[in-house]
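Trainee: First, the structure itself, so that you have it in front of you.
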Amino acid sequence: MADASAARSILAAGTQAPDFTLASGLDSKLTLSSLRGNPVILAFYPADWSSVCGDQLVLYNQVLPMFKQANATLLGISVDSVFCHQAFKEARNLNFDLLADFEPKGTVAKEYGAYASALGMCERALFVIDKHGVIAWSYLSPMGENPGADGILNALEKLPA
Amino acid sequence: MSQLKDPVHEGDNYQGSLDAPLVLVEYGDYQCPYCGEAYGVIKQVQKHFGDKLCFVFRDFPLTQIHEQALAAALVADFAAKYDKFWPVHDALYEHQKRLGNDLYQSLAHTYELPMQELVAEIQDKTAEEKITHDFKSGVRSGVNGTPSFFINGEHYKGPAEAHALIATLEAVLARA
């Protein structure tokens, strides 16, 4: 039986990753293309504070040294505001940027096909972008399921040097 | 279904025989409250299956949110050198709310572990290698939080409850 997820589609491997600039803090912004030259991991997730998201981001925070071995930068993205992200980061001791796809709401998520319109939140979707800015791997997880980090690590390993 | 990438081996901390028809691996964190709940669940599961089950505990400390997780894992692994891993593992979970130096000292006293060596071990980063190895093997096997379980190498995604684990293990045993 086909479920709702079958109808959803996120940008696939081989696609140029749409560039964007989003707030990464109260006074800071981050532009994806400024990271060109090294791999980038985009982790779209539904919401700060929800338990699955917390587990997923806490796990990625702990796995950061393994991502860094591949020179990869991890970015979390949700529609929460910078104030919400800041409180969440402090509460979970997160050592990577959370970007606010806040206004106009979900613009970047929509470009990646990672926006759940009915819920007004990002999907739980992962993208590994290579050093040239091309999507090397993407994965749409069921929203209530923490996808772990093994898929990301496998994708990073397969990137050409 | 994700698979356990690092098969169980003699270097693991395990209860029972590695040749048992059922091998249950837990990736756990001593400070994780859900692992604390799973501790009692595992005891029930072990009682149910007896020597048909081998239980393996691997470290998966989430040190960024649990400040005692690493120290507790080091204490348990140190105890393993003196064949005291399991009593110390059990005591850490039974006194999970008291994790800290007072508890570790008391455990060292109770289980006759040399305190000076234990302190040196905790300060010596090489002792963390086994823990890092466990952590990485868990991540590569698809561990997405704690506790995570593998039954005969396959990631178990059901609830960490005795009836659910026992039912799944019974089904695996029936197929064995």
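The listed protein sequences derive, respectively, from chains A and B. Be aware that the first sequence starts at 1, since it is given in this note's numbering, and climbs by one per residue. Be aware that the second sequence starts at 1001, since it is given in this note's numbering, and climbs by one per residue. All residues carry an ideal CB built from backbone N, CA and C; glycine is no exception.
Can you tell me whether B:VAL1023 is helix, strand or coil according to DSSP?
Mentor: DSSP places B:VAL1023 in strand when its eight states are reduced to three.
Trainee: Who are the Cβ neighbours of B:VAL1075 in its own chain at under 6 Å, not counting the five residues just before and after it?
Mentor: Answer for B:VAL1075: TYR1104, listed in chain order.
Trainee: Considering Cα atoms alone, identify which of A:GLY113, A:TYR115, A:ASP97 is closest to A:THR73.
Mentor: Residue A:ASP97 is the option with its Cα nearest to A:THR73.
Trainee: So B:PHE1078 is in the alpha helix (DSSP H); what residue range does that whole segment cover?
Mentor: That run of the alpha helix (DSSP H) goes 1069-1080.
Trainee: What's the gap between the Cα of A:PRO46 and the Cα of B:LYS1136?
Mentor: Rounded to the nearest angstrom, the two C-alpha atoms are 26 Å apart.
Trainee: Assign B:GLN1003 to buried or exposed, taking buried as 16 or more other Cβ atoms, counted over all protein chains shown, within 10 Å of its Cβ.
Mentor: B:GLN1003 comes out exposed.
Trainee: Look at the alpha carbon of A:THR31 and the alpha carbon of A:LEU75, and state the distance between them as a whole number of angstroms.
Mentor: Their Cα atoms are separated by approximately 11 Å.
Trainee: Tell me which same chain residues have a C-beta within less than 7 Å of the C-beta of A:LYS29, skipping the five on either side of it?
Mentor: Cβ neighbours of A:LYS29 beyond the five flanking positions: THR21, LEU22, ALA23.
Trainee: Please identify the residue among A:PRO18, A:ILE152, A:ALA43 whose C-alpha is closest to the C-alpha of A:SER34.
Mentor: The shortest Cα separation from A:SER34 among A:PRO18, A:ILE152, A:ALA43 belongs to A:PRO18.
Trainee: Would B:GLN1031 and B:HIS1066 qualify as a contact pair, given that the criterion is a beta-carbon distance under 8 Å?
Mentor: Yes.
Trainee: Quick check on the DSSP output: what are the complete beta strand (DSSP E) runs of length 3 or more inside the segment 4-58 of chain A, in order along the chain?
Mentor: With a minimum length of 3 residues, the continuous beta strand (DSSP E) runs that stay inside the segment 4-58 of chain A are 21-25, 28-31, 40-44.
Trainee: Here's the rule I'm using: 16 or more other beta-carbon atoms within 10 Å means buried, otherwise exposed. How should A:TRP49 be labelled?
Mentor: A:TRP49 is exposed by the Cβ-count criterion.
Trainee: Start and end of the beta strand (DSSP E) containing A:LEU126?
Mentor: Unbroken beta strand (DSSP E) run through A:LEU126: 124-129.
Trainee: Report the CB separation of B:LEU1173 from B:LEU1022 in whole angstroms; it is logged as a contact under 8 Å.
Mentor: Yes, they are in contact, since the Cβ atoms of B:LEU1173 and B:LEU1022 sit about 6 Å apart, within 8 Å.
Trainee: How many Å lie between A:LEU159 and A:ALA109 at the Cα?
Mentor: Between A:LEU159 and A:ALA109, the C-alpha separation is close to 24 Å.
Trainee: Pull up the distance between the alpha-carbon of B:TYR1111 and that of A:ALA149, whole angstroms please.
Mentor: Taking the straight line from one Cα to the other gives about 38 Å.
Trainee: Exposed or buried, which one is A:ASN95 when buried takes at least 16 other CB atoms within 10 Å?
Mentor: Exposed, by the Cβ-count rule.
Trainee: In this structure, how does DSSP classify B:PHE1135 when only helix, strand and coil are distinguished?
Mentor: Here B:PHE1135 sits in helix by DSSP.
Trainee: Look at the alpha carbon of B:ASP1029 and the alpha carbon of B:SER1148, and state the distance between them as a whole number of angstroms.
Mentor: B:ASP1029 and B:SER1148: Cα-Cα distance of roughly 10 Å.
Trainee: Of the residues A:LEU57, A:ARG36, A:TYR139, A:PHE88, which one's Cα is nearest the Cα of A:ILE10?
Mentor: Of the candidates A:LEU57, A:ARG36, A:TYR139, A:PHE88, the one whose C-alpha sits nearest the C-alpha of A:ILE10 is A:TYR139.
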